[in-house]
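Student: Numbering (this note's numbering), first residue to last: 214 to 570.
The C-beta atom is built at its ideal place from N, Cα and C for all residues, glycine as well.
Source: prediction; values computed, not measured.
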DNA sequence: TAACCGTGGAC
DNA sequence: TGTCCAAGGTT
């Protein structure tokens, strides 16, 4: 904990002076209304500031208020989220907006009430309360965890480490202006007290930092967890009928509710897998398969090579199982497609391409 | 509790 | 090319 000469009040003071001088100008800092802070915090979950910035500005233009979001379709919200990843965040955003509007409510100020809403956990609840409502709140993300762990010298894997860090966050928040000092802790973690070699010379807390004093930075919050990557081969078919392409919509899995080129595991090999898939849809006589390479994408612990086969459908679709549609190039641009599928669409759906019948 | 959920940039 | 990882939440 912060004690004595290095009390929370002193920390808050240092943080405030530094933040006013060094904070980045970000779209969600221009207007800290609860709705905007909520959207930005959800977008920023496990996602970099650089990536979020354009998505946030687009999203706010499309859905400027809680009410406008609540009235939108899941397909429109997923389309705005397309390429951001972790699509459950978008589904929960819409779920929460409808829940609140149906009850004639706004985003609550209370931590417990916030945390009951879909997609809002301890961190995001604290962030909305501290930044939007400017109320003292514990708020610990990867940045604050690393910063506080180093300053206080909290030992990695210590039994009470997580609790200590959350208490320290609340102490600092209470001692200063919450929306300033809470953001300052994260901002320092992002810009100065980085996961690699921290830049202590620029840190306003250097004089009271245990890690800096000991020149040792592997404290609580700075130990990366390694994971085993599993390779996987998948294949999808870019199947053309007239000037449209066949899309399917999975009802489960990570891309449920979005559109994709019909996809399957590439077993025993890409072409055979796609033959079987098309055969199940009633096309037994597709002959013009053309291998168009593979798109690689990493999803959590999977390194997936997504092979692409192009072909023409000999007849209009009739027996496709599940949800499907034929989409024009214009529709492909606005439908909710996951990132690898969007790349494939951009590469392989030229209406004037040499693949025209 | 640990696995799962996406993506793009840095190195 | 491979690996790491970023303003976490849910089950």
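Let me check understanding here. Comparing Cα to Cα, which of 540, 522, 521 and 519 lies closest to residue 529?
Tutor: 540
Student: Out of 253, 521, 307 and 296, state which residue places its alpha-carbon closest to the alpha-carbon of residue 468.
Tutor: Nearest of 253, 521, 307 and 296 to residue 468, Cα basis: 296.
Student: If you follow the alpha helix (DSSP H) that residue 377 is in, where does it begin and where does it stop?
Tutor: 374-388
Student: Cβ atoms of residue 357 and residue 298: under 8 Å apart, would you say?
Tutor: no
Student: Spatial neighbours of residue 441 within its chain, please: CB distance less than 8 Å, with the 5 preceding and 5 following residues excluded, ordered by chain position.
Tutor: 514
Student: Output the distance between the C-alpha atoms of residue 276 and residue 282, rounded to the nearest integer angstrom.
Tutor: 5 Å
Student: Residues in its own chain within less than 7 Å of residue 241 by CB, not counting five upstream and five downstream?
Tutor: 249, 250, 253 and 269
Student: Per DSSP, which one or two residues make a beta bridge with residue 447?
Tutor: For residue 447, DSSP records a beta bridge to 478 and 519.
Student: If we require 4 or more residues per run, which alpha helix (DSSP H) segments fall completely within the stretch 499-570?
Tutor: 542-547 and 552-561
Student: Using CA atoms only, rank isn't needed, just tell me which of 506, 460, 404 and 317 is closest to residue 262.
Tutor: 404
Student: Whose C-beta lies closer than 6 Å to the C-beta of residue 333 among residues of the same chain, with five residues either side of it excluded?
Tutor: 327
Student: Below 8 Å between beta carbons: does that hold for residue 552 and residue 510?
Tutor: yes
Student: Using DSSP's beta-bridge definition, name the partner residues of residue 457.
Tutor: 454
Student: For the stretch 224-266, list the alpha helix (DSSP H) runs that are entirely contained and at least 4 residues long, ordered along the chain.
Tutor: 247-256
Student: Threshold first: 4 residues or longer. Then list the alpha helix (DSSP H) segments lying entirely within the stretch 297-353, N to C.
Tutor: 301-315, 324-328 and 335-340
Student: Tell me which same chain residues have a C-beta within less than 8 Å of the C-beta of residue 226, skipping the five on either side of it?
Tutor: 389
Student: Determine the direct distance from the alpha carbon of residue 374 to that of residue 368, and round the result to whole angstroms.
Tutor: 7 Å
Student: If you compare alpha carbons, which of 495, 463, 456 and 451 is closest to residue 484?
Tutor: 451
Student: On the criterion of 16 or more Cβ atoms from any shown chain inside 10 Å, does residue 395 qualify as buried, or is it exposed?
Tutor: buried
Student: Between the Cα of residue 267 and the Cα atoms of 289, 294, 384 and 407, which residue gives the shortest distance?
Tutor: It is 294.
Student: So residue 492 is in the alpha helix (DSSP H); what residue range does that whole segment cover?
Tutor: 483-493
Student: Would you kindly check if the distance between the Cβ of residue 385 and the Cβ of residue 236 is under 8 Å?
Tutor: no
Student: Under three-state DSSP, which class holds residue 392?
Tutor: helix
Student: Could you give the DSSP three-state label for residue 363: helix, strand or coil?
Tutor: helix
Student: Taking only three categories from DSSP, how would you classify residue 358?
Tutor: helix
Student: Can you check DSSP and say which residues form a bridge with residue 400?
Tutor: DSSP lists no bridge partner for residue 400.
Student: Assuming residue 350 and residue 446 are in contact, meaning their beta carbons sit under 8 Å apart, how far apart are those beta carbons, in whole angstroms?
Tutor: Not a contact, Cβ separation roughly 46 Å.
Student: Since I believe residue 245 is in contact with residue 476 (beta carbons under 8 Å), could you give me their beta-carbon distance rounded to a whole number of angstroms?
Tutor: Not a contact, Cβ separation roughly 41 Å.
Student: Just mark residue 435 as buried or exposed, buried being the case when its beta carbon has 16 or more other beta carbons within 10 Å.
Tutor: buried
Student: Whole-angstrom Cβ separation of residue 312 and residue 319, contact assumed at under 8 Å?
Tutor: Actually they do not touch by this definition, with Cβ atoms about 12 Å apart.
Student: Would you decide whether residue 400 is buried or exposed? Buried here means 16 or more other CB atoms lie within 10 Å of its CB.
Tutor: So residue 400 ends up on the buried side.
Student: How big is the Cα-Cα spacing for residue 569 and residue 532?
Tutor: At residue 569 the pLDDT is 42, less than 50, meaning the model places this residue with poor confidence; the figure from the coordinates comes in the next sentence. Residue 569 and residue 532: Cα-Cα distance of roughly 24 Å.
Student: In whole angstroms, give me the CA-to-CA distance for residue 416 and residue 265.
Tutor: 26 Å
Student: Who are the near neighbours of residue 371 in its chain, counting only those whose CB is closer than 7 Å to its CB and skipping five residues on each side?
Tutor: 433
Student: How would you label residue 359, buried or exposed, when you count the other beta carbons within 10 angstroms and need 16 or more for buried?
Tutor: buried
Student: Relative to the C-alpha of residue 305, which candidate in 496, 287 and 546 has its C-alpha closest?
Tutor: Residue 305 has its Cα closest to that of 287, out of 496, 287 and 546.
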